[in-house]
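Its first residue numbered 85, the sequence shown is counted upward by one per residue in the numbering used here. Worksheet: one structure, shown below.
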Amino acid sequence: MSTSPHGASTGRRTFDDLLTEAEAAPTEGWDFSWFEGRATEARPSWGYARAMGERLGRASASLDVQTGGGEVLGAAPSLPPVAVATEGWPPNLAKATALLHPRGAVVVASAEDAPLPFADGAFDLVTSRHPVTPDFDEIARVLRPGGTYFAQHVGPRSVFELVEYFLGEQPRDVRDARAPEGERAAAEAAGLEVVALRAERLRMEFFDIGAVVHFLRKVVWIVPGFTVDAYREPLRALHERILRDGPFVAHSTRHLFDARKR
């Protein structure tokens with residue numbers, strides 16, 4: 085999503101026009117350029133893509149887990165002699181293959197909840213940007229002794245203003261899922277030493293209802309099973325609220341994981 089506010093670019097288009105446009109927009113990959121001028125999200129201060137690129141430049145064999153469309157890995161200035169990525173969603177898999185193969189990286193089809201299809205100790209660097217659920221046992225298994233897991237995770241209660249607008253107040257276990265300290269404990273139990281763990285809460289703004297719809301279609305775990313038809317009336321109410329009060333404000337949470345295999 086855009087990192088600086090530009091205000092709404094939708095003029096006086098109707099509710100139905102905005103929904104039609106958002107439903108027609110492609111959702112594969114992690115390219116958020118569609119949101120330019122229509123939504124903003126602050127970026128974490130640590131600059132994950134840049135830091136990941138620096139580490140890739142020093143690695144000999146790397147694995148990017150749940151690479152999406154390969155956009156973050158593909159933006160690295162250089163890749164290791166052995167560079168591999170996994171992805172489970174077919175549209176993303178095709179996009180990542182087209183982007184990363186010319187860079188010499190291999191893209192492997194692998195479901196999010198499946199064991200990683202690699203031998204023990206195959207990589208000295210494992211990376212991931214926003215994995216659905218990090219499998220620390222598998223990450224530790226494919227890392228060489230002394231190897232590094234470097235990732236940016238989605239934190240607890242991320243974008244919960246939207247979640248609870250559509251789904252109502254969530255139970256405590258859902259609200260507290262993805263807590264950094266819980267993930268630290270899971271990583272350590274798998275044999276990883278957490279070298280650094282940083283967390284930030286970041287402001288988001290949605291300037292029109294089309295941006296909300298496209299976001300919910302693209303980031304499918306925010307409101308599972310979301311469709312415009314199922315949520316038309318809450319969407320209409322939110323559209324009117326944005327016209328009356330201005331942008332819908334939410335907050336994302338992120339944490340930076342830097343861990344080493346003992």
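Note that CB positions come from ideal geometry on N, CA and C, so glycine has one too.
Nearest CA to the CA of residue i: which residue from the options?
| i | options | result |
| --- | --- | --- |
| aspartate 148 | Arg122, Met85, Ala178, His214 | His214 |
| alanine 206 | Arg97, Val279, Ser146, Arg320 | Ser146 |
| methionine 85 | Pro110, Ala106, Thr124, Leu102 | Thr124 |
| tryptophan 130 | Ala195, Leu286, Thr151 | Leu286 |
| glycine 239 | Leu209, Glu284, Ser212, Asp221 | Glu284 |
| valine 191 | Ile306, Trp305, Ala180 | Ala180 |
| leucine 251 | Tyr315, Glu155, Ala198 | Tyr315 |
| valine 304 | Glu289, Asp342, Glu112 | Glu112 |
| alanine 195 | Thr170, Leu183, Leu184, Gly188 | Thr170 |
| threonine 98 | Val243, Ile326, Pro255 | Ile326 |
| alanine 343 | Phe220, Arg328, Glu324, Asp292 | Phe220 |
| phenylalanine 291 | Trp114, Ala193, Arg328, Gly152 | Arg328 |
Just the C-alpha distance for residue i and residue j, rounded to the nearest angstrom, thanks.
| i | j | result |
| --- | --- | --- |
| arginine 282 | methionine 136 | 15 angstroms |
| valine 297 | valine 166 | 39 angstroms |
| arginine 268 | arginine 262 | 10 angstroms |
| aspartate 257 | histidine 335 | 19 angstroms |
| leucine 300 | phenylalanine 310 | 7 angstroms |
| glutamate 222 | alanine 321 | 44 angstroms |
| valine 333 | tyrosine 249 | 12 angstroms |
| tyrosine 210 | alanine 235 | Before going further, note that residue 210 is valine rather than tyrosine in the sequence given. Cα to Cα, the separation comes out at about 8 angstroms. |
| valine 247 | phenylalanine 116 | 20 angstroms |
| alanine 159 | glutamate 107 | 28 angstroms |
| leucine 184 | alanine 295 | 28 angstroms |
| proline 186 | proline 318 | 44 angstroms |
| aspartate 100 | alanine 178 | 31 angstroms |
Look up residue i in the DSSP assignment and say whether it is helix, strand or coil.
| i | result |
| --- | --- |
| histidine 90 | For histidine 90, the pLDDT reaches just 43, beneath the cut-off of 50, and the residue's location in the model is therefore unreliable, although a value from the coordinates is still provided. Histidine 90 falls in the coil class under three-state DSSP. |
| histidine 335 | strand |
| leucine 200 | coil |
| glutamate 324 | helix |
| aspartate 221 | helix |
| valine 258 | helix |
| proline 229 | strand |
| glutamate 277 | strand |
Beta-carbon within less than 7 angstroms of residue i's beta-carbon, same chain only, minus the 5 sequence neighbours each way: which residues are those?
| i | result |
| --- | --- |
| alanine 224 | Ala274, Gly275, Leu276, Lys345 |
| tryptophan 118 | Ala109, His298 |
| histidine 339 | His237, Gly239, Pro264, Leu281, Arg282, Ala283 |
| serine 93 | The pLDDT assigned to serine 93 is 46, lower than 50, so where the model puts this residue is not dependable; a value taken from the coordinates is nonetheless given after this. Answer for serine 93: Gly121, Arg122, listed in chain order. |
| glycine 266 | none |
| tyrosine 233 | Val210, Ile223, Leu227, Leu276, Phe341, Ala343 |
Just to confirm my understanding: we take residue i, look at its own chain, exclude 5 residues before and 5 after, and list those with CB closer than 8 angstroms. What are they?
| i | result |
| --- | --- |
| proline 229 | Gly205, Lys345, Arg346 |
| valine 226 | Leu147, Leu200, Phe202, Ala203, Asp204, Gly205, Ala206, Phe207, Val210 |
| threonine 217 | Glu196, Asp197 |
In chain order, what residues of the same chain have a beta carbon less than 6 angstroms from the beta carbon of residue i, not counting five sequence neighbours either side?
| i | result |
| --- | --- |
| glycine 141 | Ser162 |
| histidine 90 | Here histidine 90 scores only 43 on pLDDT, less than 50, and its place in the model is too uncertain to base an answer on. |
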